[in-house]
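In terms of the working numbering, the sequence shown opens at residue 49 and continues consecutively. Glycine included, each C-beta is placed from N, C-alpha and C at the ideal position. A short worksheet on the structure shown next.
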Amino acid sequence: PVAILISLLSVTASMLQGIDKQKLTVFVILGSVLIKLILNYPLIMLLHTPGAVLSTAIALLFAICCNFYILKKYANFKFSYSWIHLAKIILISIIMMIGVEVIFFILRLFLEPTRFNYLIIVAIGVIVGAIIYGGITIKTKLADEFLGDIPAKIRRKVKMLR
């Protein structure tokens with residue numbers, strides 16, 4: 049989860065740079081570093097290793113929220129459309145995760161725990177996950193906005209996805 053926050057911070061900081069507000073980004077980053085420094089020691093004492101991760105996540109969330117606020121204030125950025133897409137992507141990801149977990153559970157019942165069998169389980173899980181995620185995004189036309197004409201061509205060829 050923290051890696052996602054780091055990526056989101058990078059994207060929002062780049063957006064601020066695009067509207068010539070990179071100076072504000074520096075102040076936001078300094079504020080998040082200060083929050084990390086304040087929270088790090090107490091959370092490590094309280095939660096040990098997860099405390100360090102939690103303090104990082106809190107500091108990153110602060111920075112991301114500040115960046116969103118700056119984007120809304122200076123660029124009149126409308127987030128409603130973005131939040132709807134994010135919610136769709138999260139929902140499809142959860143459906144894919146459930147499907148892959150079911151496949152992992154079923155395959156582990158029938159295969160001995162060896163390295164080769166785990167390789168087979170992972171390979172099948174990846175394929176099933178890609179089919180679930182790709183199929184749902186093509187069926188709901190979410191992929192059209194990101195991939196152009198490709199999903200429409202796939203829908204024409206695969207009747208189930210129409």
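**Request:** Please state whether DSSP places residue 210 in a helix, a strand or coil.
**Result:** Residue 210 falls in the coil class under three-state DSSP.
**Message:** Cutting at 7 Å between CB atoms, please list the residues of its own chain near residue 63, excluding the five before and the five after it.
**Reply:** Taken in chain order, the residues that qualify are 119.
**Prompt:** Nearest-angstrom Cα distance between residue 92 and residue 101?
**Reply:** Going from the Cα of residue 92 to the Cα of residue 101 covers about 9 Å.
**Request:** Work out the CA separation of residue 86 and residue 203 for me, nearest whole Å.
**Result:** Straight-line Cα distance between these residues: approximately 53 Å.
**Prompt:** In terms of alpha-carbon separation, which member of 50, 151, 190 and 186 lies closest to residue 208?
**Reply:** The shortest Cα separation from residue 208 among 50, 151, 190 and 186 belongs to 186.
**Limits of the alpha helix (DSSP H) - the one that residue 133 falls within** = First-last of the alpha helix (DSSP H) with residue 133: 128 to 158.
**Request:** Just the C-alpha distance for residue 54 and residue 108, rounded to the nearest angstrom, thanks.
**Result:** In this structure, the CA atom of residue 54 is about 7 Å from the CA atom of residue 108.
**Prompt:** Where does the unbroken alpha helix (DSSP H) through residue 124 begin, and where does it stop?
**Reply:** Looking at the DSSP string, residue 124 is not in any alpha helix (DSSP H), and its letter there is neither H nor E.
**Asked** Of the residues 199, 57, 51 and 72, which one's Cα is nearest the Cα of residue 121?
**Response** For the residues 199, 57, 51 and 72, the minimum Cα distance to residue 121 belongs to 72.
**Message:** When you compare the CB positions of residue 151 and residue 182, do they come within less than 8 Å of one another, or not?
**Reply:** For residue 151 and residue 182, no; Cβs fall outside 8 Å.
**Message:** Out of 178, 57, 200 and 205, which one is the CA nearest neighbour of residue 105?
**Reply:** When each option's Cα is compared against that of residue 105, the closest is 57.
**Message:** I need the straight-line Cα distance from residue 123 to residue 163, nearest angstrom please.
**Reply:** Distance between the alpha carbons of residue 123 and residue 163 is about 52 Å.
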